[in-house]
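Numbering-wise (my numbering), the sequence shown opens with residue 4 and increments by one.
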Amino acid sequence: MPGRGRCEECSEESRREMLEIVGVCKRGDIDIINFIASQARVCVTNLRTLSFLVDANAAQKSWIPPHLSSAVRGIRYLSIVLNLLMQEYIEIQHHATHTTSTWIPNPQSWLLSCRTLMRLHRLRTLHVWAACTDAVWSRVHERAFLSPLRTLRTNLPSLAIQVNLPSIHSALLDTQRHFPLHTTQPSYLTFTRRALSPHHAAQTRKGTWRVERVPAYSAPVLGVVDDSDSDEDSDSDVS
């Protein structure tokens, strides 16, 4: 029937127009996500998330949608906050110094994550914050822990690596294991030290300040805290 044919033709044309609109919206969405990924600082707070983020097969595991994989590859600014157990640092030390052949790095390990970071070819700044949850930092072999970053820097020569480590008392500092602060910086990174304190200054939404207790080295950011209970905590306000 002629009328039915015209309806089907109009329906097909409407379908094509809708598909074109959806395609334009999807491309626009991808472009926006890629731009945000290239400008924003991505902060990762554990090795499991880091391993998935830089895993080339992450999209196949349905963890990262395929259309977002290009955004991950376009990350330029990355912060990694690690609060590891002493045993994990010991395993990293053994592998880095070749003192054992029995330990095999798993997909969540620091060593393997550093290798896979080489896939982020557009990465320009890497900021690493490190701490130890169950022991004093002086027991950590800093040079072994940071040694994978040397290879990363070699493969990404435009990458600036900044490391923030806990302070060490001068009496406990061992130049074979630690980086003296007031010496020439390593060629592949710059580092600073900070005292670990659970008490921090936090600004409320009303513009006042108060002391807030948070886990040491939880994240390298300061946020606005909820002041809904400010009347109850008025004794903790900081003038």
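Beta carbons: idealized from backbone N, C-alpha and C, even for Gly.
This structure is a prediction, so every number in the text was calculated from the model and none was measured.
Item                                                                                              : Value
Touch test, the segment 169–180 against the segment 119–129, Cβ-Cβ under 8 Å, three pairs minimum : no
Exposure label - residue 208; buried when at least 16 CB within 10 Å                              : exposed
Separation of residue 47 from residue 39, as counted between CA atoms                             : 16 Å
Alpha-carbon to alpha-carbon, residue 84 and residue 221                                          : With a pLDDT of 46 at residue 221, under the threshold of 50, the modelled position of that residue is not reliable, and the figure given next carries that caveat. One C-alpha to the other measures close to 7 Å.
Beta-carbon proximity of residue 132 to residue 82, cut-off 9 Å                                   : yes
Closest residue to residue 196 among 154, 21, 165 (Cα-Cα distance)                                : 165
Cβ-Cβ distance between residue 145 and residue 181 below 9 Å                                      : yes
Euclidean distance between Cα positions of residue 224 and residue 19                             : Here the model assigns residue 224 a pLDDT of 43, short of 50, so the residue's position is not dependable, and the following value carries that caveat. Whole-angstrom Cα-Cα distance: 47 Å.
Member of 77, 49, 128, 14 whose CA lies at the smallest distance from the CA of residue 155       : 128
Beta carbon of residue 100 nearer than 9 Å to that of residue 147                                 : yes
Residue(s) in a DSSP beta bridge with residue 75                                                  : In the DSSP output, where bridge partners are listed per residue, residue 75 has none listed.
Status (buried if at least 16 other CB within 10 Å, exposed otherwise) for residue 98             : buried
Candidates 30, 76, 194, of which the one nearest residue 42 by Cα                                 : 76
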